[in-house]
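Student: To convert a position in the sequence shown, counted from 1, into my numbering, add 351.
In this text, a Cβ means the ideal position worked out from N, Cα and C, and glycines have one as well.
Given the structure is predicted, the values throughout are model-derived calculations rather than measurements.
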Amino acid sequence: MPGRAPRDVILAMLRARRDADAPAPRPARPPATLRVMRTLVADHPLIAHKLTVLRDASTRTPVFRSLTDELVTLLAYEATRHVRVEPVSVRTPVAPAQGVKLARPVPLVIPVLRAGIGMLDGMARLLPKADVGFVGLARDERTLVAATYATRLPADLSGRDAFVLDPMLATGGTLETVFRLLAERGAASLTAICLLAAPEGIARVHAAFGDDYPLPVTVVTAGLDERLDERGYIVPGLGDAGDRLYGDL
Ligand code: URA
Numbered sequence: 352m353p354g355r356a357p358r359d360v361i362l363a364m365l366r367a368r369r370d371a372d373a374p375a376p377r378p379a380r381p382p383a384t385l386r387v388m389r390t391l392v393a394d395h396p397l398i399a400h401k402l403t404v405l406r407d408a409s410t411r412t413p414v415f416r417s418l419t420d421e422l423v424t425l426l427a428y429e430a431t432r433h434v435r436v437e438p439v440s441v442r443t444p445v446a447p448a449q450g451v452k453l454a455r456p457v458p459l460v461i462p463v464l465r466a467g468i469g470m471l472d473g474m475a476r477l478l479p480k481a482d483v484g485f486v487g488l489a490r491d492e493r494t495l496v497a498a499t500y501a502t503r504l505p506a507d508l509s510g511r512d513a514f515v516l517d518p519m520l521a522t523g524g525t526l527e528t529v530f531r532l533l534a535e536r537g538a539a540s541l542t543a544i545c546l547l548a549a550p551e552g553i554a555r556v557h558a559a560f561g562d563d564y565p566l567p568v569t570v571v572t573a574g575l576d577e578r579l580d581e582r583g584y585i586v587p588g589l590g591d592a593g594d595r596l597y598g599d600l
């Protein structure tokens, strides 16, 4: 059609406009995405807003649960950026179109019991076709070492993207254990979605699954906090995520 710009020209124009609109880098502020290993700290005003309400000690369980759910869906959008898809053709009411669908075997989502359960619905909203496995780990409050008390995972994870849901990446012990379990069963990629991370946890995961690790390993979080305290809590954090989701049992 005369006068109509081809798709590539329009895409190039949009790209140029996006680059021109991009704010100049401001060194005083943390970068939009911080890549340490493959760590993505989501930088978005709505994520920051929801996280702030989560942190607030006066936020009660019902609001905490629904905000967790919303935050996980937003983080899942980034976490699934490289999920495996395969080409598919459909017919629109007008013409045939090429698209993609989730590749088989479908991804596996693994909430870490108990607090990770509070993240499952938010993840399933984005990946409703994924299978769900479970791993239960409890942390010894004195030694801070996590011990596995339950696993319900497929024996063979070959070719599967694995998404671990655990709200708090604190010492990194839990995530290291779960990632190892999944890698031993042949997972194709390992991704963790965490509401908050401590630098100590990121460093431990990086040491275990760093640059030479054969699988793609990614951590996506809404915030990278200052440090752990002597009880292994993230500072400033949001307290005990399980207690805030389900009550102090
Ligand atoms: N687990 C939590 O629930 N909160 C922390 O701050 C650290 C570990």
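#1: Cutting at 8 angstroms between CB atoms, please list the residues of its own chain near P447, excluding the five before and the five after it.
#2: So does A548 have its beta carbon nearer than 7 angstroms to some heavy atom of ligand 1?
#3: Is it the case that the stretch 526 to 536 contacts the stretch 411 to 419, given that we only count it when at least three CB pairs across the two stretches are under 8 angstroms?
#4: With DSSP collapsed to three states, give me the class of R595.
#5: What distance in whole Å lies between the Cβ atoms of P505 and G484, which are believed to be in contact at a cut-off of 8 angstroms?
#6: Under 8 angstroms, do G487 and L526 count as touching if we go by C-beta distance?
#7: With 16 as the cutoff for other CB atoms within 10 Å, does D507 come out buried or exposed?
#8: Since Y584 is in the beta strand (DSSP E), which residue starts that stretch and which ends it?
#9: State the beta-bridge partners of P458 as determined by DSSP.
#10: Could you check how far apart the C-beta atoms of D420 and G473 are, in whole angstroms? I think they sit under 8 angstroms.
#11: Between the alpha carbons of R595 and T502, how many angstroms are there, rounded?
#12: Using C-beta distances below 8 angstroms, list every residue in its chain close to D580, excluding the 5 sequence neighbours before and after it, in chain order.
#13: Mapping DSSP to helix, strand and coil, what is Y428?
#14: CB L541 to CB A513, shorter than 8 angstroms?
#15: Decide if P458 is buried, meaning its Cβ has at least 16 other Cβ atoms within 10 Å, or exposed.
#16: Got a sec? Which residues, its chain only, sit under 6 angstroms from G574 by beta carbon, not counting five neighbours each side?
#17: If you drop the 5 nearest sequence neighbours on each side, which residues of the same chain put their C-beta closer than 6 angstroms to that of T431?
#18: Note down the Cα distance separating F560 from V568, rounded to an integer number of angstroms.
#19: Please determine whether the Cβ atom of D591 lies at a distance below 7 angstroms from any heavy atom of ligand 1.
#20: Closer than 6 angstroms by C-beta to V515: which residues in its own chain qualify, once you throw out the five before and the five after it? Chain order, please.
#21: Below 7 angstroms, is the gap between the Cβ of M474 and the nearest heavy atom of ligand 1?
#22: According to the neighbour-count rule (16 or more other Cβ atoms, all chains shown, within 10 Å of its Cβ), is G588 buried or exposed?
#23: Can you list, in chain order, the residues of its chain whose CB lies under 8 angstroms from that of V404, leaving out five sequence neighbours each side?
#24: So, is A397 buried or exposed, given that buried needs 16 or more other C-beta atoms within 10 angstroms?
#25: Just how far apart, CA to CA, sit G598 and G469?
#26: Excluding the 5 residues preceding and the 5 following A592 in the sequence, name in chain order all residues of the same chain whose CB lies nearer than 6 angstroms to its CB.
#27: So what's D512 in DSSP terms, helix, strand or just coil?
Tutor: According to the structure shown:
#1: S440 and V441
#2: no
#3: no
#4: helix
#5: 7 angstroms
#6: no
#7: exposed
#8: It is not in any beta strand (DSSP E) - Y584 carries neither H nor E in the DSSP assignment.
#9: Paired residue(s): none; P458 is not in a bridge.
#10: 4 angstroms
#11: 24 angstroms
#12: V586
#13: helix
#14: yes
#15: buried
#16: L402 and L547
#17: none
#18: 7 angstroms
#19: yes
#20: I461, V529 and A543
#21: no
#22: buried
#23: T410, V414 and L418
#24: For the sequence presented, residue 397 should be read as Leu rather than Ala. Label assigned to L397: exposed.
#25: 12 angstroms
#26: A466, P518 and M519
#27: strand
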